[in-house]
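Note that UniProt numbering has the sequence shown beginning at 1, numbered continuously upward.
We put the CB at the ideal spot given by N, CA and C, even for glycine.
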Amino acid sequence: MSGFPAAAQPDMIRAVQKDEVYVRMLRDAMLDTARRCFNARTVVRHQQHVGVLATLWYHGLTTGCGWQTLGEEYTDLFQCTSDGAFPGAARRWLLVLLEALTPPLMERARVHARRISTRRERERDEAYERRRRENGDARSGGRNASSDGGEDDAPSTMFNTVQNAFNTDALWDAHRLRAVLGKAAAKLARAADDAALALFHPPPAVGSTDTAGTAGGAELTDPTRGFLTRLHLAAFYARGHHYQVTKRVAGVRYVFAGHVGPEGRPAYGLLGAFLAARLAATAIGAAASAMAKKDAGGARGDGAGVASGGGFVVRGPDGDEIGGGGDAAAVVGGGGEGKKCALCLSPHEAATATPCGHVFCWDCVASWCAQKPECPLCRAPSRPQQLVRLGNMAL
Numbered sequence: 001m002s003g004f005p006a007a008a009q010p011d012m013i014r015a016v017q018k019d020e021v022y023v024r025m026l027r028d029a030m031l032d033t034a035r036r037c038f039n040a041r042t043v044v045r046h047q048q049h050v051g052v053l054a055t056l057w058y059h060g061l062t063t064g065c066g067w068q069t070l071g072e073e074y075t076d077l078f079q080c081t082s083d084g085a086f087p088g089a090a091r092r093w094l095l096v097l098l099e100a101l102t103p104p105l106m107e108r109a110r111v112h113a114r115r116i117s118t119r120r121e122r123e124r125d126e127a128y129e130r131r132r133r134e135n136g137d138a139r140s141g142g143r144n145a146s147s148d149g150g151e152d153d154a155p156s157t158m159f160n161t162v163q164n165a166f167n168t169d170a171l172w173d174a175h176r177l178r179a180v181l182g183k184a185a186a187k188l189a190r191a192a193d194d195a196a197l198a199l200f201h202p203p204p205a206v207g208s209t210d211t212a213g214t215a216g217g218a219e220l221t222d223p224t225r226g227f228l229t230r231l232h233l234a235a236f237y238a239r240g241h242h243y244q245v246t247k248r249v250a251g252v253r254y255v256f257a258g259h260v261g262p263e264g265r266p267a268y269g270l271l272g273a274f275l276a277a278r279l280a281a282t283a284i285g286a287a288a289s290a291m292a293k294k295d296a297g298g299a300r301g302d303g304a305g306v307a308s309g310g311g312f313v314v315r316g317p318d319g320d321e322i323g324g325g326g327d328a329a330a331v332v333g334g335g336g337e338g339k340k341c342a343l344c345l346s347p348h349e350a351a352t353a354t355p356c357g358h359v360f361c362w363d364c365v366a367s368w369c370a371q372k373p374e375c376p377l378c379r380a381p382s383r384p385q386q387l388v389r390l391g392n393m394a395l
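Set out below in structure tokens:
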């Protein structure tokens, strides 16, 4: 097939879209048959498996047997290898397996990445609450330490002497080795989590204030969205060889065996340049955000250090420093005697009202309305831009 020209990018996209339509029709027919034979709960539980079987059936009877798919027939495309030869049986069946297994694997990777993101957000919230409690106990702890500081020196020195007497070099080396291995394993696990977040759960586009539930955050629900897929699409639009990741892995390309019309063969090179520029901007924005968070974490750590010395620094929701002469929990939370947020069951922090009049914490209701634009209590419509911050309201 070396005598045929390479397939144009629009033809490849149309062929893939046509195949997706027929696979969806086959999957719906299989689900309808399964509902007639089994109960609804069993069908819902194995719905994803039915989709995998439909994809295996469709591509196995076409690509696996050496025939064109219906989408390839529609656009006059034929599969070939990089040297122009017809793909062998092993390569074709590898492509069939990749076509069937890649979507559920990408979905699992996306879910895992979102779980990592949620866990890190929870860890940051717990660390913030822990620092706030430590700041609240700093003054009393500082006074107790100053009054009782001279009594702990002797027991500590005696304990260290006994411990040093029983320690051996072998035990110390084993302990140090375990500590080094534990730190290395923790760093490796965090690096793997960072890679999963970067590839399958990218940050929102630069300049976008939406996080989920809107046009800017809709891509977070797409199981194939991520830096890896965007990079692959940028390469496809720039060079035009592989529209699907599965065909890139299997080393399968397309050649065009039809007639070229008078309009010529369109290309998407400019779109590839735009997508590459967007990827670069997103990567730069993510790096800048990570550095800013690191600097903010260092600043909060310095504040905690000041608190351990007897004073404390508390910052309000707007980032302004609040005086350190009182109780930190009372300053930040607005007192424990008032009403509590219905979402987090804690005193209102940065109290915010929905259009219907219910009051919540800003973080709680903003994240809720970004996911579901409605009041958490009465379900009245409440878009994120309609939330009102109650800066001078005592709850």
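- Per DSSP, ARG248 has no beta bridge partner at all.
- Distance from the Cα of ASP28 is smallest, within the candidate group LEU70, TYR58, ALA15, ALA6, for TYR58.
- Shown here, CYS80 sits in a strand according to DSSP, grouped into three states.
- LEU53 is not a Cβ neighbour of MET25, given a cutoff of 8 Å.
- Spanning the alpha carbons of LYS339 and ARG122 requires a straight line of approximately 23 Å.
- In chain order, GLY240, PHE256, ARG265, PRO266, ALA267 place their CB closer than 8 Å to the CB of ALA8, counting only its own chain and leaving out the 5 sequence neighbours on each side.
- Of the candidates ARG120, THR63, PRO381, GLN17, GLN17 places its Cα closest to the Cα of TYR74.
- Taking every protein chain shown into account, the CB of GLU72 has 16 or more other CB atoms within 10 angstroms, so this residue is buried.
- At the C-beta level, ALA196 and ALA283 stay beyond 8 Å of one another.
- Counting C-beta pairs closer than 8 Å gives three or more between the segment 92-112 and the segment 244-258, which meets the contact rule.
- A direct Cα-Cα distance of roughly 35 Å separates ALA40 from TRP67.
- In the structure shown, THR352 falls within a strand segment according to DSSP collapsed to helix, strand and coil.
- Under the criterion of beta carbons closer than 8 Å, ALA353 and LEU390 qualify as touching, at roughly 6 Å.
- Residue GLN48 holds the alpha-carbon nearest to the alpha-carbon of ALA100 among GLN48, HIS358, ARG124, ARG133.
- By the CB criterion at 8 Å, MET12 and TYR254 fall inside the cutoff.
- Going by DSSP, CYS364 is part of the alpha helix (DSSP H) stretching over 362-371.
- At the C-beta level, CYS361 and LEU387 stay beyond 8 Å of one another.
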